[in-house]
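> Here you go, one structure.
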Amino acid sequence: MFLITTRLQMNGRSERCTSSKPVLWFLILCFFSFSACEEFLPEPGLALDRASCADKELMEKAQTYFNPLPSVKWAGSEAESWRVRLGEKLFKEVLLSQNKTQSCNSCHPLDAYGVDGKRFSKGAFGEEGTRNTPTVYNAVFNLAQFWDGRAADLEEQALFPIFNEREMAIRDSAVLLGRLQEQEVYRGLFAKAFPDAEQPLSMSNLAKALAAFEETLLTPSRFDRYLLGDEQALSEKEKKGLAYFLDLGCSPCHSGTGVGGSMYQPFGVVGYYWDYTGSEMRDEGRYTFTGDPSERYWFKVPSLRNVAKTAPYFHDGSVSDLAKAVQAMASAQLNRPLEKEELEALLAFLESLTGELPD
59 MFLITTRLQM NGRSERCTSS KPVLWFLILC FFSFSACEEF LPEPGLALDR
109 ASCADKELME KAQTYFNPLP SVKWAGSEAE SWRVRLGEKL FKEVLLSQNK
159 TQSCNSCHPL DAYGVDGKRF SKGAFGEEGT RNTPTVYNAV FNLAQFWDGR
209 AADLEEQALF PIFNEREMAI RDSAVLLGRL QEQEVYRGLF AKAFPDAEQP
259 LSMSNLAKAL AAFEETLLTP SRFDRYLLGD EQALSEKEKK GLAYFLDLGC
309 SPCHSGTGVG GSMYQPFGVV GYYWDYTGSE MRDEGRYTFT GDPSERYWFK
359 VPSLRNVAKT APYFHDGSVS DLAKAVQAMA SAQLNRPLEK EELEALLAFL
409 ESLTGELPD
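One gets the numbering used here by counting positions in the sequence shown from 1 and adding 58 to each.
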């Protein structure tokens, strides 16, 4: 398992900034460490101006909606370490598909932010899926997996594509396990990863290993540094975009560690979503999974981390351009078409969510 800890603890003061007092008074306050904004001063003893106070308030507001990605430090057993290594190898293993042509990495290429850039990914036998492929990066922070949330966690999700006839199309788990059992490397890895198991090489352990690996797929970004107190991590334009993101009403849904992924919402609050996206299909969302009419056209809110790298957008990949996707959301969800300045600033902020891929 992993010990997840943040790199920095913020002091969390909530006093409101003002700039109406004389400069000398501010210098005295800063000198004796009584200023509400003292920890954000670039140099000790500098007077605060309106801009720096506004920056502090923006950061504090952002910190109420978003959490930085945690630092991930190994804190597990040797067996759990082997489990991650096994999961990484399985993620790239074509033996997991019926015709031995496709791996998890085929649709979720790790060097391309976990997506293949296609509207619908093609499976082992060339058949397209019915929904756009979501990224595997930072997926551990989702409340559930898939657009409709039909898998509770990464471990449960791991087996769906393997047996889906449109994806890897394995027809018999015994055949798959037999393939792996024939490989000395897998017999050894499963034994090391699950030393106490009576039968280490099993489908349940395969799912556990894939999930263990995917839990390590985090992409820290400049926005995380900002949330941890580095005011210079974002440009002025990106901060303006963040302010719009908070003020326009994007953050109630796209919040938390994943900047989304923590709730289900109806797509198309103002009207039918396809009127804004040009979607050809009428996907009924969670209704197809739960059968609950009240959840018709409801979907899991996607994470916006790395959104600039994960086109096309929405559950059906109907919009390939990020600017158009943002405009569609503003209109369909908020009934608020964006001005050019707002859109450009929002796009700049979304770019700051692009993170560093793991080695």
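Yeah, the Cβ is synthetic: ideal placement off N, Cα and C, and Gly gets one too.
How many Å lie between Val377 and Leu275 at the Cα?
Taking the straight line from one Cα to the other gives about 26 Å.
> Taking its Cβ as the centre, do 16 or more other Cβ atoms sit within 10 Å of Gly349, making it buried, or is it exposed?
Classification for Gly349: exposed.
> Hey, is Gly336's beta-carbon within less than 8 Å of any beta-carbon in chain E?
You won't find chain E in this structure, because it holds only one protein chain.
> Where do the ends of the beta strand (DSSP E) carrying Trp356 lie?
From DSSP, the beta strand (DSSP E) with Trp356 extends over 356-358.
> Which same chain residues end up closer than 6 Å to Leu99 when comparing Cβ atoms and leaving out the 5 residues on each side of it in sequence?
Because Leu99 carries a pLDDT of 45, less than 50, the predicted location of this residue cannot be relied on, and the following value inherits that uncertainty. No residues qualify anywhere along the chain.
> For the beta strand (DSSP E) containing Pro324, list its first residue and its last residue.
Looking at the DSSP string, the run of the beta strand (DSSP E) that includes Pro324 is 322-324.
> Just curious, the alpha helix (DSSP H) that Trp140 is in, first and last residue?
It spans 136-149 - the alpha helix (DSSP H) in which Trp140 sits, taken as one unbroken run.
> Locate the alpha helix (DSSP H) running through Lys266, then write down its first and last residues.
First-last of the alpha helix (DSSP H) with Lys266: 261-272.
> If we count Cβ pairs, one from each stretch, closer than 8 Å, do we get three or more for the stretch 133-145 versus the stretch 301-314?
The stretch 133-145, when compared against the stretch 301-314, does not touch it at the 8 Å Cβ threshold.
> Between the stretch 253-271 and the stretch 207-227, do at least 3 Cβ pairs fall closer than 8 Å?
They touch, by the three-pair rule.
> Give every residue of the same chain whose Cβ lies closer than 6 Å to the Cβ of Met226, excluding the five residues on either side of it in the sequence, and list them in chain order.
Only Leu154, Ser155, Gln160, Ala182, Pro219, Ile220 meet the Cβ criterion.
> Check Gln290 in the structure and name its three-state DSSP category.
Here Gln290 sits in helix by DSSP.
> Which same chain residues end up closer than 8 Å to Glu256 when comparing Cβ atoms and leaving out the 5 residues on each side of it in sequence?
Counting only Cβ-Cβ distances below 8 Å, and skipping sequence neighbours, we find nothing.
> Just to confirm before moving on: does the CB-CB distance between Ile228 and Leu234 stay below 8 Å?
Yes. Within cutoff.
> Should the stretch 386-397 be called in touch with the stretch 324-335, which here means at least 3 C-beta pairs below 8 Å?
Result yes; three or more Cβ-Cβ pairs closer than 8 Å.
> With DSSP collapsed to three states, give me the class of Asp417.
Reduced to three states, the DSSP call for Asp417 is coil.
> Pairs of beta-carbons, one from the stretch 399-406 and one from the stretch 364-384, closer than 8 Å: are there three or more?
Cβ pair count under 8 Å is three or more, so yes.
> So Tyr355 and Glu342 are supposed to be a Cβ contact under 8 Å. How far apart are they, rounded?
The Cβ separation is near 6 Å, so the contact holds.
> Going by beta carbon distance, what residues of the same chain come within less than 6 Å of Glu151, once the five residues before and after it are set aside?
Counting only Cβ-Cβ distances below 6 Å, and skipping sequence neighbours, we find Ser161.
> Which partner residues does Ala209 have in the DSSP bridge list?
DSSP lists Gln203 as partners of Ala209.
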